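Student: The opening residue of the sequence shown carries number 52 in the working numbering; numbering runs sequentially from there.
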Amino acid sequence: MMDKRALLAIALTFLVIFFWGTIQSKFFPQPPADQSGKEVKKEEVAPAEKREVKPLKEEQPISSPKVVIKKETTVETKNYVAIFTNEDARLKHFKLKQYEDRVEESSLTIQLTRFFKNLFGGKTEEPRKPGPLDLVNTREEEGLPLGLTFQPSPDSGGWEVDKEKLQVLKDGEKGEIVFLKSLGNRLKLLKKYKFSSENNVIDIEVEVQNTTSNEITTQVGLEWTGKVELEKFADHENKDFGLKYAFMKDQKVERKDLGGVGAAGCTPGCGSPKRKLEPFESSDQGAIGWYAFEGEYFTALLVPPSSEKNIFLSVKGNDKNILRAQLATPNVSVPPRGAVRTTYRIYLGPKVIDSLKELGVGAENLIDFGFFTVVAKPLLWFLKLTNNITKNFGIDIIILSILIKIIFLPLTQISMKSMKEMQKVQPEMNRLKEQFKNDKARVQQEIMLLYKRRKINPMSGCLPMLVQIPVFIALYNALQNSIEMRHAPFILWIMDLSAKDPIYITPIIMGATMVLQQKMTPTAVDPAQARLFMLMPIMFTFLFLNFPSGLVLYWMVTNVLSIAHQYYMNKM
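1. So if DSSP puts Q202 in a beta bridge, which residue, or which two residues, is it bridged to?
2. Can the beta-carbon of Y395 be found closer than 7 Å to that of L273?
3. W210 by DSSP, collapsed to three states: which one?
4. Skipping 5 residues on each side, what residues in its chain have a beta carbon closer than 6 Å to that of V391?
5. Report the residue from H287, L217, I440 and E192 whose alpha carbon sits nearest the alpha carbon of T128.
6. What three-state label does DSSP hand I446 in the structure shown?
7. Does DSSP put K303 in a helix, in a strand, or in coil?
8. Spell out the partners DSSP gives K367 in its beta bridges.
9. CA-CA distance, E409 and S248?
10. State yes or no: is the C-beta of W606 within less than 7 Å of the C-beta of M561?
11. With DSSP as the reference, label I362 as helix, strand or coil.
12. Which same chain residues end up closer than 8 Å to D222 when comparing Cβ atoms and leaving out the 5 residues on each side of it in sequence?
13. Exposed or buried, M585, counting other C-beta atoms within 10 Å across all chains shown (16 or more means buried)?
14. Quick one, are the C-beta atoms of V566 and P588 less than 7 Å apart?
15. Would you list the one or two residues that DSSP bridges to R237?
16. What would DSSP say about F422, mapped onto helix, strand or coil?
17. Expressed to the nearest angstrom, what Euclidean distance is found between the alpha-carbon atoms of F487 and R493?
18. Return the CA-CA distance between E138 and Y244, expressed in angstroms with no decimal places.
19. In angstroms, rounded to a whole number, what distance separates the CA positions of E94 and K121?
20. Mind checking V518: buried by the 16 CB within 10 Å criterion, or exposed?
21. Tell me the rounded alpha-carbon separation between L199 and T125.
22. Counting only runs of 4+ residues fully inside the segment 383-424, write out the alpha helix (DSSP H) ranges in chain order.
23. Could you check whether the segment 180-187 touches the segment 145-154, counting it as contact only if at least three pairs of C-beta atoms, one from each stretch, sit closer than 8 Å?
24. Could you give the residue range of the alpha helix (DSSP H) that holds P558?
25. Could you pull the DSSP bridge partners for L548 from this structure?
26. Give me, in chain order, the residues of the same chain whose beta-carbon lies closer than 8 Å to that of Q617; leave out the 5 immediate sequence neighbours on both sides.
27. Just to confirm the assignment: which complete beta strand (DSSP E) runs, minimum length 3, are found wholly within the segment 128-167?
28. In terms of residue numbering, what span does the beta strand (DSSP E) encompassing Q218 cover?
29. So the candidates are N610, W544, V412 and Q477; which of them puts its Cα closest to the Cα of V154?
30. For Q464 and A427, I'd like the C-alpha separation in whole angstroms.
31. Pick from R505, K442, S333 and F459: whose alpha carbon is nearest that of K471?
32. Whose C-beta lies closer than 6 Å to the C-beta of E332 among residues of the same chain, with five residues either side of it excluded?
33. Would you report the Cα separation of L238 and K551, rounded to the nearest angstrom?
34. Just the C-alpha distance for D447 and K435, rounded to the nearest angstrom, thanks.
35. Using the Cβ count rule (16 or more neighbours within 10 Å means buried), how would you classify A615?
36. Nearest to K295 by CA position, among R375, M480, F595 and Q477, is which residue?
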């Protein structure tokens, strides 16, 4: 959702300007509203069943490590290339074929950047080339994801694996790899990864085999270990992955921003993004539907067994920016010479509504368009619709700007007529101010009576601007949360409409259009309010420097259309 400071700056600008007369007549300002931040709720939940669920503890291995040669297994599907290691049967890489980790900069951006760095003595570096996006962002020494937690704890040595390469590329094709570990107490662990060529879902089946004549109680859990990408966000404003987590409990989504995404849209000088995670621990228990480690566009989503309604979730973050989450099922009894199976489902990929919905666990609720979702979804639907023809989301935003301008045309017409009428009564307003210059309350009262006699509504002048605020915020959230907008190019130097203009040309042009629009618009304001109006283009230009270029494009086109409309009205 849009940064609160940026949104508050926009709202306060409009309020101060359009209600200046009311502010002057009031001497007892209202106390500021409570803006205390909302924390993710933590609560103790009674187990839904009699079976006890506890966090898995570190225990001494029950078997001496068996020497197994280290191996890696490569799995390739239509959508990704995954590499697994037999060290704890974990995932080492998960590279998406259709998404790159960065956008390739235009030659114009590279040349201008080098010019200014050389001019001011900065260090110039060769731009890095894009590569496949890897959703495993930790090294082996930091901990790899999809580790198995098990009681009693096995040693951390290698597992046997049935193959070193698997390709699942044909339509409808499926495949699996199997890891095996034998424990010293005559238990066997089988960990099966099952793949499909059609999607980014991995099904994991953990089988515990008891070869003894005694019943054994055990517990099986799954981990996701990821790096919180605060440094990448601070240095490159990359919001793709690893900046927050969420989970669903009792059909309600709980979200936790880890310190990066909320800084999007921050004006220059408003504060530096933090680079280190403050250590924390949190836990929850009950009907946990899923857990997701995510960014704005990609997620690693873990779904526990659907039959279990009493799942334990533990999340721990440390000062090395490593986040470890653990999902654990209740204790189960393995009968003599029998076996039990526990299944998990993993989704690794872009936050696409249809793909998440196919999981059938409400994972589509992970995508959050904020308070104005009811506005954002139709806007996004329209952009996708026109993109089928234009193949350029920048052109689609221009078309959307024209359409919205047409929809709000009646309100704009009323606003312009009202402003012209207010300009006509300006001499009479000045006379009233001079007549009652020692009584400000009387001045306001007489001006209101004047408006009433002339049938002028002073609020109608700001109405078109106010009704566009929800559209503005909704489009911002659509650009920030829609995978279709990520790395969507427009023209020349704008290679990513979801990111800021790298050389700030569009915000400067947008500010210039605001100045021109003000010069053409009839005004009937006092000098103090006029000065506030003149500050608006400067304030908005600095505010828009770090906004997505697609949003700046929308506002700039809207200003150009307003200038054309105002020119037509002035000629009448």
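C-beta atoms are modelled at their ideal positions from N, C-alpha and C, and glycine is treated no differently.
Fair warning: this is a prediction, and the values are worked out from it, not measured in the lab.
Tutor: Taking the structure as given:
1. Q270, per the DSSP bridge assignment.
2. Cβ distance < 7 Å, so Y395 and L273 count as in contact.
3. Note: W210 maps to coil in three-state DSSP.
4. Around V391, the same chain offers V259, V383 and V385 as residues with beta carbons nearer than 6 Å, after the five sequence neighbours per side are excluded.
5. Taking only the C-alpha atoms, the option nearest T128 is L217.
6. It is helical.
7. It is a strand residue.
8. Answer is E332 and R375.
9. Using only the alpha carbons, I get a separation of about 15 Å.
10. Yes, the Cβ-Cβ distance between W606 and M561 is below 7 Å.
11. Here I362 sits in strand by DSSP.
12. Within the same chain, D222 has close Cβ partners S248 and E249.
13. Sixteen is the threshold: since fewer than 16 other Cβ atoms of the shown chains lie within 10 Å of the Cβ of M585, the residue is exposed.
14. The answer is yes: Cβ separation under 7 Å.
15. R237 pairs with nothing; no bridge assigned.
16. Three-state result, F422: coil.
17. In a straight line, the C-alpha of F487 is about 7 Å away from that of R493.
18. Between the alpha carbons of E138 and Y244 lies a distance of about 15 Å.
19. Unreliable positioning characterises E94 in this predicted model, as indicated by a pLDDT of 37, which lies under 50. The coordinate reading is nonetheless provided below. Approximately 42 Å between the Cα atoms of the pair.
20. Result: exposed.
21. Approximately 19 Å between the Cα atoms of the pair.
22. The segment 383-424 contains these whole alpha helix (DSSP H) runs: 404-408.
23. Contact holds: three or more Cβ-Cβ distances are below 8 Å.
24. Here the alpha helix (DSSP H) through P558 covers I556 to M571.
25. Its beta-bridge partners do not exist; DSSP assigns none.
26. Excluding the 5 residues flanking it on each side, Q617 has same chain C-beta neighbours closer than 8 Å at M467, Q568, M571 and T572, in chain order.
27. Here the runs fully enclosed are 131-136 and 141-151.
28. Unbroken beta strand (DSSP E) run through Q218: K216 to V219.
29. The shortest C-alpha separation from V154 is found at W544.
30. The straight-line gap from Cα to Cα measures roughly 26 Å.
31. Comparing Cα-Cα distances from K471 to each of R505, K442, S333 and F459, the minimum goes to R505.
32. Correct list, in chain order: K367.
33. If I take the Cα positions, the gap works out to 56 Å.
34. Distance between the alpha carbons of D447 and K435: 8 Å.
35. That one is exposed.
36. In terms of CA proximity to K295, R375 leads the group R375, M480, F595 and Q477.
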